[in-house]
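Report on the following structure.
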Amino acid sequence: MEMPLKQLKEGLETLGVLNAIKEHSSIMEELFCGGPPTLSAASLLDLFTIYYSPRGTNRRALEEVAVGHWRDWIIEVEDGDAAVEVDGGDTIKVTLENVLVFASGASAVPVFGFKENPNITFLHENINGNRRMFPEANTCTITLKLPIGQEYEEFCHFMTSGVIQSPTFGVA
1 MEMPLKQLKE GLETLGVLNA IKEHSSIMEE LFCGGPPTLS AASLLDLFTI YYSPRGTNRR
61 ALEEVAVGHW RDWIIEVEDG DAAVEVDGGD TIKVTLENVL VFASGASAVP VFGFKENPNI
121 TFLHENINGN RRMFPEANTC TITLKLPIGQ EYEEFCHFMT SGVIQSPTFG VA
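Okay, here's the thing in structure tokens:
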């Protein structure tokens, strides 16, 4: 194995290609390895395993509605229609990458995928008698927790606001 690598290196040195690779490593990395795959609504939705309650339960019915809202909202995000107005009248749009950062802490899907499959669970439990309106995430286990019992417009508002207001927004 050593000889073929030596010959490859010598061949690349002949025309100065090896030197160009070393000098412009970031450009060459993209050329040889390609950049991260473009995130789409379909690819983001396919990343997550959904953990439902047993069929026929009231919880399951609420979860299925929330997942329908989630899927529709992700399409809105992809289309650039998920935005929230902030102080001063500015509008901030949520991107698919923002959603991925919120759920996983990563701004792109790793080349070989995540070590653990990202998953979706649901926020059934109230806190002090109050329904949990905003999504929650655990980036260590890559768990996205969706709120339940909301109309679609309300779900979209709280998902968009939750992603934008998260502590890592704009960091990853």
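Residue numbers (full-length UniProt numbering): 1 to 172.
C-beta: ideal position from N, C-alpha, C; glycine also.
Of all alpha-carbon atoms in K6, I164, S166 and I148, the one lying nearest the alpha-carbon of W70 is that of I148.
Rounded to the nearest angstrom, the Cβ distance from L44 to I74 is 6 angstroms, consistent with a contact under 8 angstroms.
For the options I164, L144, S166 and V163, the alpha carbon positioned closest to that of A66 is the one of L144.
The C-beta of G162 has 16 or more other C-beta atoms within 10 Å across all chains shown, which makes the residue buried.
Separation of the CB atoms of E78 and A41 is rounded to 4 angstroms, and the pair is thereby assigned contact status at 8 angstroms.
Three or more beta-carbon pairs drawn from the stretch 53 to 64 and the stretch 117 to 127 are found closer than 8 angstroms, and the two stretches are therefore classed as touching. Beta-bridge partners of V17 (DSSP): none assigned. Under DSSP, N130 takes part in a beta bridge, and its partners are I127.
When DSSP assignments are scanned along the stretch 21 to 88, the uninterrupted stretches of alpha helix (DSSP H) that are 4 or more residues long and fall wholly within it turn out to be 25 to 33, 41 to 47 and 58 to 79. Listed in chain order, the non-local C-beta contacts of L96 below 8 angstroms within the same chain comprise L39, S40, A41, L44, I74, V77 and E78, local neighbours out to five positions each way being set aside. DSSP, read as helix, strand or coil, puts E151 in coil.
Remark: C-beta atoms of S104 and T160 do not approach each other more closely than 8 angstroms. For A137, the enclosing beta strand (DSSP E) starts and ends at E136 to N138.
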